Amino acid sequence: MRKPVGIFKHMLKKIEKLIYLWYNKKNMYIDTLKLKDFRNYATESAGFLCGLNILKGANASGKTNLLEAVYAAGVGRSLRTSQDKEMVKWDAEEAVIKLLLVKKHAKHDIEVRIDAKGKKRVIIDGIAQVRIAELLGYLNIVFFSPDELSLIKAGPMERRRFMDISLCQQSKPYLRSLSAYNKALLQRNKLLKMRYNKQTLYDMLDVFDVQLSKTGTAIIDIRRRFVSNMKKTAMEWHGKISGGTETLSLAYETLNGSEGLVPEEIAALFIKKYADDREKDIETEFTNSGPHRDDLKVSVNGTDMRKFGSQGQQRSAALSLKLAEIESFRIETGETPVLLLDDVLSELDLDRQRNLVEATRGIQTILTCTHFDIDTDLLKKQFEISGGMIKR
1 MRKPVGIFKH MLKKIEKLIY LWYNKKNMYI DTLKLKDFRN YATESAGFLC GLNILKGANA
61 SGKTNLLEAV YAAGVGRSLR TSQDKEMVKW DAEEAVIKLL LVKKHAKHDI EVRIDAKGKK
121 RVIIDGIAQV RIAELLGYLN IVFFSPDELS LIKAGPMERR RFMDISLCQQ SKPYLRSLSA
181 YNKALLQRNK LLKMRYNKQT LYDMLDVFDV QLSKTGTAII DIRRRFVSNM KKTAMEWHGK
241 ISGGTETLSL AYETLNGSEG LVPEEIAALF IKKYADDREK DIETEFTNSG PHRDDLKVSV
301 NGTDMRKFGS QGQQRSAALS LKLAEIESFR IETGETPVLL LDDVLSELDL DRQRNLVEAT
361 RGIQTILTCT HFDIDTDLLK KQFEISGGMI KR
């Protein structure tokens with residue numbers, strides 16, 4: 001029979017857990033992560049809390065590998081390579097990621113297996129999934145590292161990729177529209193390379209033009225809402241990061257003349273544009289118009305950061321976008337995503353480090369660094385990472 005003190009302690013722990021769950025009911029969070037033969041990890045596990053979790057260690061110790069495992073469990077792909085087999089430990093047959101996710105209304109066991117040839121399998125709550133894309137929408141991820149500077153200074157493809165990865169997690173309709181659009185676009189581009197007579201080619205293009213206009217309009221509509229949801233928050237964060245000296249603005253760039261039009265009017269405008277571009281498309285053997293050519297304009301004090309601006313301004317703009325992305329998740333899904341920050345403190349002065357850490361309040365954050373000297377009440381857990389081992 002339990003002693004009264006033991007019963008009291010047991011009840012107290014239960015009450016503390018209920019309070020913790022109630023406080024974090026709007027936040028999804030990772031409870032535990034288990035790895036087997038993933039990168040430089042043989043067999044390791046870690047338990048996280050809602051709030052700030054620090055992974056501290058020397059360079060090349062395996063900190064980023066842990067973030068990569070979490071990212072792969074959320075998005076279904078590596079954050080560093082297109083070759084999935086690179087995530088498998090040397091000489092191992094298979095890498096395994098197991099993750100327990102707690103959401104507002106349910107818990108989910110997520111398992112990702114990657115064999116030595118790079119073939120992936122996804123198992124959710126014990127059920128093998130037919131498509132990797134079924135993973136999207138369970139664990140929502142926002143990731144930022146110094147390499148994310150490419151979000152601003154690289155070409156439009158990087159900014160479209162940013163929107164697509166985020167929106168495929170937030171919206172199943174977007175994922176379906178994007179998949180259908182890409183499939184139709186691939187078929188249309190193949191058709192443009194074939195030597196049919198003009199009338200036959202035009203008749204066949206008509207079919208694909210209707211498909212592209214319908215799915216393309218849906219993509220544009222959701223992307224515009226995404227950018228609109230982020231505008232105010234991105235501007236506010238950039239103001240804080242820059243000390244109030246700079247103003248950031250966002251604009252979604254798509255088909256000329258589509259501003260203010262309803263979806264049916266945009267679809268009709270696309271049909272006309274495809275018809276006007278036919279000779280050019282046939283000559284270039286490529287579809288020259290559509291959301292696969294769109295861009296996200298990022299300006300600071302009226303200056304286009306894609307072409308001008310210092311590296312510091314571009315980095316601050318990229319970070320502001322990522323922080324604003326969190327608000328977009330909250331609006332669209334009703335839950336706060338998990339924030340992954342990889343070696344970002346080394347790029348910021350002490351004041352900006354404090355501002356960034358404060359920005360993680362109310363968000364489960366996993367942050368990697370070589371050292372952490374900020375005094376904050378947000379710190380919930382700290383791990384030492386060394387040679388593929390997690391030291392608590």
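Residue numbering for the sequence shown is 1 to 392, as defined by this note's numbering. Quick reminder that beta carbons are idealized off the backbone N, C-alpha and C, glycines included. Model, not experiment: these values are computed from the prediction.
query, result
"Through-space distance from D377 to Y23, alpha-carbon basis", "Reliability of the predicted coordinates at Y23 is poor, the pLDDT of 45 falling under 50, and the value obtained from them is presented with this limitation in mind. Rounded to the nearest angstrom, the two C-alpha atoms are 16 Å apart."
"T247 classed as buried or exposed, judged by whether at least 16 other C-beta atoms fall within 10 angstroms", "exposed"
"The region 306–323 touching the region 103–110, judged by at least three CB pairs closer than 8 Å", "no"
"Same chain only: Cβ atoms within 7 Å of K231, ignoring 5 sequence neighbours per side", "L250"
"Reduced DSSP secondary structure (H/G/I, E/B, other) of H108", "strand"
"Cβ neighbours of T254 in the same chain (closer than 6 Å, five flanking residues each side left out)", "I220 and D294"
"Secondary structure of E246, DSSP reduced to three states", "coil"
"Same chain only: Cβ atoms within 8 Å of E335, ignoring 5 sequence neighbours per side", "K26, N27, M28, K103, K104, N140 and F329"
"Residue from Y138, G302, D277 and L296 whose Cα sits closest to the Cα of T333", "Y138"
"Rounded C-alpha distance that separates A317 from A234", "8 Å"
"Three or more C-beta pairs below 8 Å linking the region 276–283 and the region 172–181", "no"
"Segment contact, 8 Å Cβ cut-off, at least three pairs: the region 42–57 with the region 361–372", "yes"
"For W22, three-class secondary structure by DSSP", "With a pLDDT of only 44 at W22, under the threshold of 50, the placement of this residue in the model should not be trusted; the figure read from the coordinates follows. Three-state DSSP puts W22 in a helix."
"Length of the line joining the Cα atoms of M163 and T217", "15 Å"
"M235, enclosing alpha helix (DSSP H) - first and last residue", "K198 to I241"
"I127, buried or exposed, once every other Cβ within 10 Å from all chains shown has been counted against 16", "exposed"
"Under 7 Å between C-beta atoms of K273 and S289", "yes"
"Contact set for L341: own chain, Cβ-Cβ below 6 Å, skip 5 residues either direction", "F144 and L367"
"Three or more C-beta pairs below 8 Å linking the region 30–45 and the region 58–71", "yes"
"Buried or exposed by the 16-neighbour rule on C-beta atoms within 10 Å, applied to A95", "buried"
"Buried/exposed call for Q393, threshold 16 Cβ in 10 Å", "In the structure as shown, the chain begins at 1 and stops at 392. Residue 393 is therefore absent and cannot be evaluated."
"Same chain, Cβ closer than 8 Å to F286, neighbours up to 5 away in sequence not counted", "N189 and L192"
"Close-in-space but distant-in-sequence residues of the same chain around E148 (CB under 6 Å, 5 per side omitted)", "A318"
"Between the CA atoms of Q199 and S299 - distance to the nearest angstrom", "45 Å"
"Nearest candidate by alpha-carbon position, reference R361, set E158, L49 and L296", "L49"
"Extent of the continuous alpha helix (DSSP H) run through C168", "P156 to Q170"
"Contained beta strand (DSSP E) runs [length at least 3] in the region 73–128, N- to C-terminal order", "94–102, 107–115 and 120–124"
"C-alpha distance - L21 paired with P337, whole-angstrom precision", "Confidence at L21 is low in this model, with a pLDDT of 43, below 50, so its placement is unreliable and the value that follows should be read with caution. L21 and P337: Cα-Cα distance of roughly 16 Å."
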